[in-house]
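Each residue of the sequence shown is one higher than the last, beginning at 2 in the numbering used here. Every residue, glycine too, gets a C-beta built ideally from N, C-alpha and C. Computed from a predicted model, the values in this text were never measured in an experiment.
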Amino acid sequence: MDFYQRAKRYSVEKFVVSSLSLLANASEENLIRLTYMAEKIPKKESYREKIRWIRTLFQTGHPGLAIAKRVLNETNPHHRKKIISNFIVNQLLVGTNKRKAFEAERGFYPPDTMILSPTMRCNLNCYGCYSGSYPQEDLPFEVIDRVVGECKEMGIHLVLMTGGEPFLRKDLFDLFEKHPDTIFQIYTNGSLIDEGMVEQFVELGNVVPAISLEGFREETDGRRGKGQFDRITKVMDQLKEAGIFFAISTTQTSKNTDTLTSEDFIDFLIEKGCFLLWNFHYLPIGRAPDLSLMTTPEQRNRIRERFAYFRATKPLLMVDFWNDGCLTQGCIAGGRKYFHVNSRGDVEPCVFCHFASDNVKEKSLIEALNSPLFREIRSRQPFSENLFRNCPLIDHPEQGKEIALKFARYFTHEGAEEFFTELFPAIDAYSKAYGEIAEVTWKEKVESQNSQPLSTGKKVVGESCC
2 MDFYQRAKRY
12 SVEKFVVSSL
22 SLLANASEEN
32 LIRLTYMAEK
42 IPKKESYREK
52 IRWIRTLFQT
62 GHPGLAIAKR
72 VLNETNPHHR
82 KKIISNFIVN
92 QLLVGTNKRK
102 AFEAERGFYP
112 PDTMILSPTM
122 RCNLNCYGCY
132 SGSYPQEDLP
142 FEVIDRVVGE
152 CKEMGIHLVL
162 MTGGEPFLRK
172 DLFDLFEKHP
182 DTIFQIYTNG
192 SLIDEGMVEQ
202 FVELGNVVPA
212 ISLEGFREET
222 DGRRGKGQFD
232 RITKVMDQLK
242 EAGIFFAIST
252 TQTSKNTDTL
262 TSEDFIDFLI
272 EKGCFLLWNF
282 HYLPIGRAPD
292 LSLMTTPEQR
302 NRIRERFAYF
312 RATKPLLMVD
322 FWNDGCLTQG
332 CIAGGRKYFH
342 VNSRGDVEPC
352 VFCHFASDNV
362 KEKSLIEALN
372 SPLFREIRSR
382 QPFSENLFRN
392 CPLIDHPEQG
402 KEIALKFARY
412 FTHEGAEEFF
422 TELFPAIDAY
432 SKAYGEIAEV
442 TWKEKVESQN
452 SQPLSTGKKV
462 VGESCC
């Protein structure tokens, strides 16, 4: 190890030690001091800009400050240390430098995140499941272990798992233990989580459950089966008591939009100890596609508006997968920010793009990420200057259809092609209807930004661009 590498490692280790020391007292002053320390680590200017933006939020009393205090005050000390060392340092600070070095060597910037489905088996039978038509296979442990290692070589220390129900795979805990320098977020229906598993989360520190919820009891039991809401709330109580950072994952449909956009639901999640909310919109992909379950264009726009309000007023991290393109500069699929490896090993551009060209059983991740299919997707991003219309599936379906039929080698399960054939006219009509709303709201957003200088402070900083 040369002098530069030793100096860099020393600065990172000093940051971690100093962070834990400062965070013993999660005061506003200490949190702001940490942002100055963190700003010195990443080489990429865009990451330094984000850190400065976070500091401004803290300085102006944004709810983001309350979120940081919640994480520091409510999480188990070992879990908190893993979040700092694995996510903040390995993934965000050191990881971005490693990804930048990878770009200089390989010619393309690697994604931030891998989503992996270790199994497509599931113990529930939810209607409209996006993954319900995949073959019920498991990806071999040695393949999962290998691709996680390949991710770390590229600077990726954040792995999200979905399925199927991942916790049907008991050997995953061997994986979590083998890769203690990686944060694993697991999308789960929560039915298999018990006190013993919660104890394992505490011991490992690097696992973040993301539990599926459809709203309150009526909505959740209606889609996931009687008694599931009560099981989930019990698990949430166990996770909160143990000090585990956990997320909730919702699927917005035409049936539950009023609940998901209500203040009562958001307050319920915060009270239960949830730190992060993921919202996905139902797409007619997977098990028994049903166009009537899609949110209306008005409902999609409503949740975007409500999330902007909640972000400015509630101590809860919130991600809206389709509506947050203005935070990510458009579509993140195709390896730009993330990709999906399904349980057969197929490397899909997105968990909702059920087509592929490569399989990790046959090729390395690097080869798959630099495939003609993925390069084509990245060359077209962000698909539109209007970042409220990001998705090549439902916002620009003509492009999604061309990519799937012309550049992919195969569809990854039976019936997946129907989205681009039988269902295409309806999807195209939906994109046009939502496009009319999105064009108006995007124009209003741009005009509002142009009319208010950033120096106006609290009002602009406190608002979400989405």
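Handout entry: DSSP-derived helix/strand/coil call for Phe246
Key = As a first step, residue 246 is located in the sequence shown; it is residue number 245 there, counting from the start. Phe246: coil per DSSP, three-state reduction.
Exercise for the section: Between the Cα of Val352 and those of Ile68, Ser132, Pro111, spot the shortest distance and give me the residue it belongs to. Expected result: Translated into positions along the sequence shown, residue 352 becomes position 351. Out of Ile68, Ser132, Pro111, Ser132 has the C-alpha closest to the C-alpha of Val352.
Practice task
With a 10 Å radius around its C-beta and 16 neighbouring C-beta atoms as the bar for buried, classify Glu399 as buried or exposed.
Solution key: For this step, residue 399 is matched to residue 398 along the sequence shown. So Glu399 ends up on the exposed side.
Problem - Whole-angstrom distance between Ala211 and Pro119, CA atom to CA atom - result: For this step, residue 119 is matched to residue 118 along the sequence shown. For this step, residue 211 is matched to residue 210 along the sequence shown. Between Pro119 and Ala211, the C-alpha separation is close to 15 angstroms.
Practice task
Determine the burial state of Val447: buried for a count of at least 16 other Cβ atoms within 10 Å of its Cβ, exposed for fewer.
Solution key: Residue numbering aside, residue 447 sits at position 446 when the sequence shown is read from its first letter. Val447 is exposed by the Cβ-count criterion.
Handout entry: Reduced DSSP category for Ser213 - H, G, I as helix; E, B as strand; rest coil
Key = Translated into positions along the sequence shown, residue 213 becomes position 212. In the displayed model, Ser213 falls within a strand according to three-state DSSP.
Practice task
With Gln186 as the anchor, note down where its alpha helix (DSSP H) starts and where it stops.
Solution key: Residue mapping note: residue 186 aligns to position 185 of the sequence shown, counting from 1. Looking at the DSSP string, Gln186 is not in any alpha helix (DSSP H); the run it does join, the beta strand (DSSP E), is 184-189.
Problem - CB contact flag (Arg345, Glu138, <7 angstroms) - result: Looking up residue 345 in the sequence shown gives position 344. Looking up residue 138 in the sequence shown gives position 137. For Arg345 and Glu138, yes; Cβs fall inside 7 angstroms.
Exercise for the section: Go ahead and label Glu423 buried or exposed: buried means 16 or more other beta carbons lie within 10 angstroms of its beta carbon, across all protein chains shown. Expected result: Position 422 of the sequence shown holds residue 423. The residue is exposed, with fewer than 16 neighbouring Cβ atoms inside 10 Å.
Problem - Spatial distance of Tyr411 from Pro373 (CA atoms) - result: Numbered from 1 along the sequence shown, position 410 holds the residue referred to as residue 411. Numbered from 1 along the sequence shown, position 372 holds the residue referred to as residue 373. When rounded, the distance between both Cα atoms is 13 angstroms.
Problem - Selected residue, minimal CA-CA separation from Gln186, among Asn451, Arg218, Thr163 - result: The residue you call residue 186 lines up with position 185 of the sequence shown. When each option's Cα is compared against that of Gln186, the closest is Thr163.
Handout entry: Tyr339, enclosing beta strand (DSSP E) - first and last residue
Key = In the sequence shown, the residue the question calls residue 339 occupies position 338. 339-342 is the extent of the beta strand (DSSP E) around Tyr339.
Practice task
Would you please state the rounded distance, in angstroms, between the beta carbons of Cys123 and Gly165? I believe it to be under 8 angstroms.
Solution key: For the purposes of this step, residue 123 is taken as residue 122 along the sequence shown, with counting starting at 1. For the purposes of this step, residue 165 is taken as residue 164 along the sequence shown, with counting starting at 1. Contact holds; Cβ gap of about 5 angstroms.
Handout entry: Cβ-based burial, Val348 [other Cβ within 10 Å; buried from 16]
Key = Numbered from its first residue, the sequence shown carries residue 348 at position 347. Flag for Val348 reads buried.
Exercise for the section: Leaving aside the five residues before and after Thr413 along the sequence, list all residues of the same chain whose C-beta is less than 8 angstroms from its C-beta, in chain order. Expected result: The residue given as residue 413 occupies position 412 in the sequence shown. Cβ contact annotation for Thr413 (same chain, cutoff 8 angstroms, sequence separation greater than five): Tyr135, Asn343, Arg345, Asp347, Glu349, His355, Phe356, Ala357, in chain order.
Problem - Nearest-angstrom Cα separation, counted from Val208 out to Phe177 - result: In the sequence shown, residue 177 corresponds to position 176, counting from 1. In the sequence shown, residue 208 corresponds to position 207, counting from 1. Phe177 and Val208: Cα-Cα distance of roughly 7 angstroms.
Exercise for the section: Give the secondary structure of Gln300 by DSSP, where H, G and I count as helix, E and B as strand, and everything else as coil. Expected result: The count along the sequence shown starts at 1 and reaches residue 300 at position 299. Gln300: helix per DSSP, three-state reduction.
Practice task
Give me the Cα-Cα distance between Gln382 and Gly274, rounded to the nearest whole angstrom.
Solution key: Residue 382 sits at position 381 when you count from the first residue of the sequence shown. Residue 274 sits at position 273 when you count from the first residue of the sequence shown. Counting only the Cα atoms, Gly274 lies some 36 angstroms from Gln382.
Exercise for the section: Report the three-state DSSP secondary structure of Lys163 (helix, strand or coil). Expected result: Here residue 163 refers to the residue found at position 162 when the sequence shown is read from its first residue. According to the sequence as given, residue 163 is Thr; it is not Lys. Coil.
Practice task
Let me know if Gly228 comes out buried or exposed under the rule of 16 or more other beta-carbons within 10 Å of its beta-carbon.
Solution key: In the sequence shown, residue 228 corresponds to position 227, counting from 1. Exposed, by the Cβ-count rule.
Problem - Asp321 and Phe308 closer than 7 angstroms at C-beta - result: If you number the sequence shown from 1, residue 321 lands on position 320. If you number the sequence shown from 1, residue 308 lands on position 307. Result yes, Cβ atoms of Asp321 and Phe308 sit closer than 7 angstroms.
Exercise for the section: Identify the continuous alpha helix (DSSP H) that holds Asn98 and give its terminal residues. Expected result: Counting from one through the sequence shown, the residue named residue 98 turns up at place 97. Asn98 -> alpha helix (DSSP H) spans 96-107.
Problem - Three or more C-beta pairs below 8 angstroms linking the segment 212-231 and the segment 94-113 - result: no
Exercise for the section: Measuring alpha carbon to alpha carbon, tell me which of Leu370, Asp268, Leu169, Gln239 ends up nearest Leu318. Expected result: Here residue 318 corresponds to residue number 317 of the sequence shown, with the count starting at 1. Nearest of Leu370, Asp268, Leu169, Gln239 to Leu318, Cα basis: Asp268.
Handout entry: Candidates Gly191, Asn302, Arg34, Asn91: closest to Ala439 by CA position
Key = Sequence index remark: in the sequence shown, residue 439 carries index 438 (1-based). Ranking the options by Cα distance to Ala439, first place goes to Asn302.
Problem - Rounded separation between Thr114 and Val441 - CA only - result: Mapped onto the sequence shown, residue 114 falls at position 113. Mapped onto the sequence shown, residue 441 falls at position 440. Rounded to the nearest angstrom, the two C-alpha atoms are 32 angstroms apart.
Problem - Straight-line Cα distance separating Asp359 from Ala417 - result: The count along the sequence shown starts at 1 and reaches residue 417 at position 416. The count along the sequence shown starts at 1 and reaches residue 359 at position 358. Those two C-alpha atoms are separated by around 17 angstroms.
Problem - Unbroken beta strand (DSSP E) run spanning His414, endpoints - result: Position 413 of the sequence shown, counted from the start, is the residue given in the question as residue 414. Premise fails: His414 is in no beta strand (DSSP E) and is neither H nor E.
Problem - Residue interval of the beta strand (DSSP E) (run including Asn280) - result: By one-based count along the sequence shown, residue 280 stands at place 279. That run of the beta strand (DSSP E) goes 277-282.
Practice task
Ignore the nearest five residues each way along the sequence and tell me which others in Arg337's own chain have a CB closer than 7 angstroms to its CB.
Solution key: The residue you call residue 337 lines up with position 336 of the sequence shown. Same-chain partners within the cutoff: Pro112, Arg379, Gln382.
Problem - Local conformation of Cys332 per DSSP, three classes - result: In the sequence shown, the residue the question calls residue 332 occupies position 331. Here Cys332 sits in coil by DSSP.
Practice task
Please classify Ala409: does DSSP put it in a helix, a strand, or coil?
Solution key: Along the sequence shown, one-based indexing puts residue 409 at 408. Three-state DSSP puts Ala409 in coil, outside helix and strand.
Handout entry: Gly206 beta carbon less than 7 angstroms from that of His80
Key = Numbered from its first residue, the sequence shown carries residue 80 at position 79. Numbered from its first residue, the sequence shown carries residue 206 at position 205. In contact: His80 and Gly206 (Cβ atoms closer than 7 angstroms).
Practice task
Could you check if Tyr37 is buried or exposed, using at least 16 other CB atoms within 10 Å of its CB as the buried criterion?
Solution key: To locate residue 37, count along the sequence shown from 1; it is residue 36. Burial call: exposed.
Problem - Identified DSSP bridge partners for Glu349 - result: To locate residue 349, count along the sequence shown from 1; it is residue 348. DSSP output for Glu349 lists His341 as bridge partner(s).
Problem - Cα-Cα separation between Ile194 and Val236, rounded to whole angstroms - result: Along the sequence shown, read from residue 1 onward, the residue named residue 194 stands at position 193. Along the sequence shown, read from residue 1 onward, the residue named residue 236 stands at position 235. Rounded to whole angstroms, Ile194 to Val236 spans 7 angstroms at the Cα level.
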